[in-house]
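Residue numbers (the numbering used here), protein chains in the order written: chain A, -14 to 268; chain B, 32 to 342.
The next block holds one structure in the form of structure tokens; read it before the comments.
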């Protein structure tokens, strides 16, 4: 049996057509990397759905219903904005879940792609540019954020933890909160050779934010001197906005400040990531 | 304007990493349809050169033109017409063989039907058809290499870049890869490969440059290089370690074009190996083993750099 011809195209120095130098637009290029992540995700999506459902069920059950009953009985409902603890807590956890999803998707998967599996280098040897690879990965992170936050909202409604139809607007806000983490962290993760800094990021970044950015109790409960620290965390902005939408108490000016802050962080992350990806992949 | 059949042209191409000069002002041309090799030891600058041609490493100095385009300005357009087999596998080992070809084909924006059609052909070519739906992780090193070669052909490239295609493979797997690359060559593929295996260079390259310390030490076909830098035959003599130095000294009396004293052997570069062996016997030398062989690129490299290729 003769080998099949696997070589067909004859090379040419002269660009074959006038548009030989033209390449597809940045969105098309990023979508190619996004589709790589989709193919990859086909193997693991089921497991991720289980945990996306289980996570809010456990937290809302234990903290919202269990702990919440105690909190509500000792009633200082005024401090929680006149709602039950479950209703107070749920939108905070939504924003926190977005942060958690973002950090999961933007740390080890990035390092793995550049260090362990080296799949980023495969994409870089193909027509994709470093920024396309970055954008495509960020698109996939965004998709995972939309999925997880949407599931969270469904569970939240099932728990009766929703007060206003405005809660639907909390979905894009939670996704944006996630991106305010994902973009800068991916920009950072691509510069790493070891995963040790990720553990520090989780321990000294994510967990303190999770606990002290207004997720479980109003930041007003903190000593006055430490509150500004909470206000500069992206999670606080996400929590505050998600909560005000869920409770139907959002005002335009405050919302714009929160959105602007989160957008700025995401934009800075994207700008920096374009550089750090290039520096790492084009040596 | 470059001559139309020159696909890659480098002029004083240089790559520096901080103070270290990896590629030091090298010039070469790749012609259509030829198999062009960079032969040299580790650290000679071969991979850095390959990465510059692959448009993933901006040159520090000099000129480089690929398919008539500038690698920095037109990287994506050039890369869409290249096939790349990197030194280290960059397969997604968690996916199947076919999925790897699918995602790679998509990087080039190829329609699914085209990818499917080429996947069948390419898996047949690299003898992996039966493993198409298997995960990549458990495949042997040789199979992964062959898959990487198949993957590099998914976009029907005009130039194939192979960076140390068989490094790390056992001899049998290496021969299977060589066989496939040789078939590609027979089909008229234009390819550039780097290697530190002289047999690989001899088998696959029409023309090659010997690189050492970031510079090109010599250029030509394997035959030309051997003719120019070595003798027709080589006599290899091995002595008892206690007699090695003395014997080497005595051998200077045997007429030879050149002599190399290695740690464990003495090499005599001569027109007629058997005659030289007889002459050594006449001097009263009794080597433990002797071997008369033809010159190889290894000898060329030794002559040019004073060192061996594989250490």
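For each residue, glycine too, the CB sits at the ideal point set by N, CA and C.
- Among the residues of chain B, those whose CB is under 8 Å from the CB of residue 114 of chain A are 106 and 107, following chain order.
- Leaving aside the five residues that flank residue 204 of chain B on each side, the residues in its chain whose CB is nearer than 6 Å to its CB run, in chain order, 173.
- The beta carbons of residue 22 of chain A and residue 121 of chain A sit closer together than 8 Å.
- One finds 106 and 110 in chain A with Cβ atoms closer than 7 Å to the Cβ of residue 117 of chain B, taken in chain order.
- Using a Cβ-Cβ cut-off of 8 Å, residue 12 of chain A does not count as an interface residue toward chain B, since no Cβ of chain B sits closer than that to its own.
- Within the same chain, 172, 175 and 176 come within 7 Å of residue 261 of chain A by CB-CB distance, once the 5 residues on both sides are set aside.
- Taking 8 Å as the threshold, the shortest C-beta distance from residue 9 of chain A to chain B falls below it.
- In the structure shown, residue 36 of chain A adopts helical secondary structure according to DSSP, grouped into three states.
- Here the C-alpha atom of residue 49 of chain A lies approximately 15 Å from the C-alpha atom of residue 66 of chain A.
- From the beta-carbon of residue 100 of chain B, the residues of chain A found nearer than 7 Å are 6.
- Taking a contact to require three or more Cβ pairs closer than 8 Å, the stretch 125 to 134 of chain A and the stretch 142 to 150 of chain B do not qualify as touching.
- Close to residue 266 of chain A, with beta-carbon spacing below 8 Å, are these residues of chain B in chain order: 87.
- With a beta-carbon spacing of about 15 Å, residue 314 of chain B and residue 276 of chain B fall beyond the 8 Å limit used to define contacts.
- Among the residues of the stretch 23 to 55 of chain A, those with a Cβ less than 8 Å away from any Cβ of chain B are 24, 25 and 28, in the order of the chain.
- For chain A, the residues of the stretch 128 to 145 of chain B that bring a beta carbon within less than 7 Å of one of its beta carbons are 130, 133, 134, 135, 137, 138, 139 and 140, in chain order.
- Between the C-alpha atoms of residue 143 of chain A and residue 72 of chain A there is a straight-line separation of about 12 Å.
- Against chain B, the beta carbon of residue 100 of chain A has no neighbour under 8 Å; the closest one sits roughly 11 Å away.
- Selection B:91, B:93, B:294 and B:321 evaluated against residue 307 of chain B yields B:321 as nearest (Cα-Cα).
- The beta carbon of residue 129 of chain B lies closer than 8 Å to those of 150, 154, 163 and 164 in the same chain, with the five residues before and after it left out.
- For residue 170 of chain A, the uninterrupted alpha helix (DSSP H) segment begins and ends at 155 to 174.
- Nearest Cα to residue 257 of chain A within the set A:33, A:165 and A:206: A:165.
- Shown here for residue 158 of chain A: same chain residues with a beta carbon closer than 6 Å to its own, the five before and five after excluded, namely 226 and 227 in chain order.
- For residue 334 of chain B, the closest of B:309, B:256 and B:317 by C-alpha to C-alpha distance is B:256.
- For residue 180 of chain A, there is no enclosing alpha helix (DSSP H), as DSSP gives it neither H nor E.
- Between the alpha carbons of residue 40 of chain B and residue 112 of chain A lies a distance of about 21 Å.
- Between the beta-carbon of residue 16 of chain A and that of residue 124 of chain B there is about 24 Å, and that puts the pair past the 8 Å contact cut.
- Nearest in C-alpha terms to residue 110 of chain A, of all of B:138, B:43, B:71 and B:336, is B:138.
- Under a 10 Å Cβ-count criterion, residue 19 of chain A is classified as buried, with 16 or more other Cβ atoms of the shown protein chains found around its own Cβ.
- Counting C-beta atoms within 10 angstroms of its own C-beta, residue 51 of chain B has fewer than 16 neighbours from the protein chains shown and is therefore classed as exposed.
- Residue state for residue 53 of chain B is assigned as strand, using DSSP reduced to three classes.
- Chain-order list of chain A residues neighbouring residue 126 of chain B: 24, 25 and 28, by C-beta distance under 8 Å.
- By the criterion of a C-beta distance shorter than 7 Å, residue 117 of chain B is surrounded in its chain by 194, once the five residues flanking it on both sides are discounted.
- With fewer than 16 other CB atoms across the displayed protein chains lying within 10 angstroms of its CB, residue 185 of chain A is exposed.
- Only exposed fits residue 295 of chain B, as fewer than 16 other CB atoms lie within 10 angstroms of its CB.
- Within the DSSP secondary-structure output, residue 59 of chain B pairs in a beta bridge with B:41.
- Minimum Cα-Cα distance from residue 302 of chain B among the listed residues B:325, B:179 and B:121 corresponds to B:325.
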